[in-house]
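Here's the structure we're looking at; comments come further down.
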Amino acid sequence: MRAVDYALRQAWASLKRSAGASALSVVAIALAVIVLGVLLLLTWNAQQVMAQWASAAEFSVFLRDDASSEQRGAIETALDQSGIVAGREYVSKSQALARFRREFAELASLTSGFADNPFPASVEVRLRPEAEGDGRADALVRRVAALPGVGDVRYDSEWLSTFGAGLRTVRGAGLMLAAVMALAAAVTVAAVVRIGLYARRDEIEIMELVGAPLAFIRGPFVAEGLLQGGGGAVLALILLWTGFALARGWWGSELGAMLNGLSVAFLPFRLCAVLVGGGMAVGAAGGLAAARHAGRGALTEPSGGR
Amino acid sequence: MIEAHHLSKAYSRGLYALRDLTLSVSKGEFVFLTGPSGAGKSTFLRLLLVQERATEGSLVVNGHDLTSLSRRDVQEYRRGIGFVFQDFKLIPTRTVLENITFVPEVVGVPRAQQQRRAFQVLKWVGLQHRMSAYPKDLSGGEQQRISIARALVNDPVLVLADEPTGNLDPDLSLEIMNLFREVNAGGTTVLVATHDRELIRLVGRRTVTLDQGRIVDVA
Chain R
1 MRAVDYALRQ AWASLKRSAG ASALSVVAIA LAVIVLGVLL LLTWNAQQVM
51 AQWASAAEFS VFLRDDASSE QRGAIETALD QSGIVAGREY VSKSQALARF
101 RREFAELASL TSGFADNPFP ASVEVRLRPE AEGDGRADAL VRRVAALPGV
151 GDVRYDSEWL STFGAGLRTV RGAGLMLAAV MALAAAVTVA AVVRIGLYAR
201 RDEIEIMELV GAPLAFIRGP FVAEGLLQGG GGAVLALILL WTGFALARGW
251 WGSELGAMLN GLSVAFLPFR LCAVLVGGGM AVGAAGGLAA ARHAGRGALT
301 EPSGGR
Chain W
1 MIEAHHLSKA YSRGLYALRD LTLSVSKGEF VFLTGPSGAG KSTFLRLLLV
51 QERATEGSLV VNGHDLTSLS RRDVQEYRRG IGFVFQDFKL IPTRTVLENI
101 TFVPEVVGVP RAQQQRRAFQ VLKWVGLQHR MSAYPKDLSG GEQQRISIAR
151 ALVNDPVLVL ADEPTGNLDP DLSLEIMNLF REVNAGGTTV LVATHDRELI
201 RLVGRRTVTL DQGRIVDVA
């Protein structure tokens, strides 16, 4: 505990002494965390929206006009026995026509000239969310499509898969970019810590000569990186939150309409803590890299003769 | 306290800084190490501080065989050694008191004990009234006294000094040597490397003279 206390006190003093150089490290880490934070903000919200869409996923079984009531009964039995259907609703031909006229009012006049109602009757099925991922939904769709009386089955899982794959690609590319920026930030921290190391070479030599443990010699430099990393990450989160609040104020209603009333949210506390921890880890790694040779031998020549 | 047998330190291309040095220093003794520049005085002190290792022979200090000490054992060994350099090596960003307390602090001495011991040694060198000053505010003689106080704060069994009066005028040099004599009078072994023959004559202790890495005289 004494080593930790000593390291933190010395690191704080060093940060105050070299405020300009330390600010450079903090900004470098903040930039890396902002990139990662924006990426997480986008993908996390997209995942939430996708999960809600997926939970509301449904498919429609369109019945042939000549389908008998026994055939419809068999179809509904197959759905109920599948174990993955959360609910179903029969929509008759006349209900389908009324729905079209209600939802597409500007096109309603077109339907007045029909001699017969062209809209098929259907059974609209709502699936349990877990059935999406394990392939049981696809199997049910194939089975129902083969039943007598079924004209067509429309199941919108493909675009969800495509959206999910796109999201994974964006996340992968973003993570790579964030990793490169984190490396650059660690190098910046290491360079700044190394300046402090050089300025304190006499102190380090004395510590070596009095037999100080390595934790006392290197600890302050690791702690300095840790504090710079934590400061950078907190700064990044403040900037991210400010940007998020402004964006939601400006485009919140349009976004809500686009997402059918779903709202976007800032990163949960858990992810914020991960970002701060990550910033601290990057900073500490930079500090450790800079101080890795400190305490491994004398740094200066004694005065006097050979 | 110090037992060196056929000790040699060679660098590349067969250049010897020390050659076949055999020397014994008893516990509680005060010894001068002298000789011209390049004689090997500082190399011998570096070997005693385990800043370098001997290439041949053996060197045993206070029961520690310095030729085979592990890194952890070096730390332990150094905690019993005090050292003083020509250029003082005080930390400019710390006060006098902090320059001294940080030595026991980094070896894990409790804070109250650090302060008490630091005050004792500062009082002993007569600079307790300057404990809040920074090194830049002190004269050369005062800085060296602080450096000696720092060397003594952990109660070492052996004090090594490398040209401790090299930057001081003759009066101050004698004052510093008197401090070392007092340290020695308390039972601490003292080894001082200096090329100041007049100072050695005034203090009058056993003197080992080196030249080109060899002992050429013991008086």
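Those protein sequences? They're chains R and W, same order as listed.
So that you can map any letter, position 160 of the first sequence is 160 in the working numbering, and since no number is skipped, the others follow by simple counting.
So that you can map any letter, position 187 of the second sequence is 187 in the working numbering, and since no number is skipped, the others follow by simple counting.
For glycine and all other residues, C-beta sits at the position ideal for the given N, C-alpha and C.
- Rounded to the nearest whole angstrom, the C-alpha separation of D156 (chain R) and S263 (chain R) is 23 Å.
- Just so you know, the alpha carbons of S161 (chain R) and G225 (chain R) end up roughly 42 Å apart.
- For L209 (chain R), the nearest CB of chain W lies under 8 Å from its own CB, placing it at the interface with that chain.
- The shortest CA-to-CA distance from F180 (chain W) to any of W:S26, W:S24, W:V31 and W:V106 is the one to W:V31.
- Residue ranges of uninterrupted alpha helix (DSSP H) with 4 or more members, entirely inside the stretch 96-166 of chain R and ordered along the chain, are 130-133 and 136-145.
- Annotation: A223 (chain R) has no Cβ neighbours in chain W at a cutoff of 7 Å; minimum Cβ distance is about 14 Å.
- With a 10 Å radius around the Cβ and a threshold of 16 neighbouring Cβ atoms, K123 (chain W) comes out exposed.
- Under the DSSP assignment, S69 (chain R) falls in the alpha helix (DSSP H) whose first and last residues are S69 to Q81.
- The contact set of R17 (chain R) on chain W, defined by CB atoms closer than 9 Å, consists of T93 in chain order.
- The Cβ of F180 (chain W) sits no closer than 8 Å to any Cβ of chain R.
- Taking C-beta atoms under 8 Å as the contact rule, L158 (chain W) and M1 (chain W) qualify, at a distance of about 6 Å.
- Burial check for T188 (chain R): the Cβ neighbour count within 10 Å reaches 16 or more, so the residue is buried.
- For a Cβ distance threshold of 8 Å, residue set D202, E205 and I206 of chain R lies close to K89 (chain W), ordered along the chain.
- When rounded, the separation of the alpha-carbon atoms in E76 (chain W) and G57 (chain W) is 22 Å.
- According to the DSSP assignment, I215 (chain W) belongs to no alpha helix (DSSP H) but to the beta strand (DSSP E) extending over R214 to V218.
- Scanning the stretch 68-92 of chain W for uninterrupted beta strand (DSSP E) segments of 3 residues or longer gives 81-85, listed from N- to C-terminal end.
- DSSP places Y6 (chain R) in no beta strand (DSSP E) but in the uninterrupted alpha helix (DSSP H) bounded by R2 to R17.
- Only buried fits E205 (chain R), as 16 or more other CB atoms lie within 10 angstroms of its CB.
- Within the stretch 56-79 of chain W, the residues whose Cβ lies closer than 8 Å to some Cβ of chain R are V74, Q75, E76, Y77, R78 and R79, listed in chain order.
- When secondary structure is reduced to three states using DSSP, E58 (chain R) falls in the strand class.
- Pairing V222 (chain R) with A7 (chain R) gives a Cβ-Cβ distance under 8 Å.
- Here L90 (chain W) is near S147 (chain W), since their CB atoms are less than 8 Å apart.
- A residue is called buried when at least 16 other Cβ atoms come within 10 angstroms of its Cβ; A19 (chain R) does not meet this threshold and is exposed.
- Within chain W, the C-beta atoms nearer than 8 Å to that of A212 (chain R) come from Q75, V106 and V107, in chain order.
- In the structure shown, D155 (chain W) falls within a coil segment according to DSSP collapsed to helix, strand and coil.
- Neighbourhood of Y6 (chain R) in chain W, by CB distance below 8 Å: E105 and V106, in chain order.
- Inter-residue distance for A54 (chain W) and G232 (chain R) is about 48 Å (C-alpha atoms, whole angstroms).
- Shown here, R270 (chain R) sits in a helix according to DSSP, grouped into three states.
- For L179 (chain W), the enclosing alpha helix (DSSP H) begins and ends at P170 to A185.
- L21 (chain W) and A149 (chain W) have their C-alpha atoms spaced approximately 31 Å apart.
- Remark: C-beta atoms of V84 (chain W) and P164 (chain W) approach each other more closely than 8 Å.
- For F269 (chain R), not one C-beta of chain W is nearer than 8 Å to its own C-beta.
- Per DSSP, the continuous beta strand (DSSP E) segment holding D20 (chain W) begins and ends at Y16 to V25.
- At least one C-beta of chain R is nearer than 8 Å to the C-beta of F83 (chain W).
- Here T188 (chain W) is buried. Its C-beta has 16 or more other C-beta atoms within 10 Å.
- In the structure shown, T43 (chain W) falls within a helical segment according to DSSP collapsed to helix, strand and coil.
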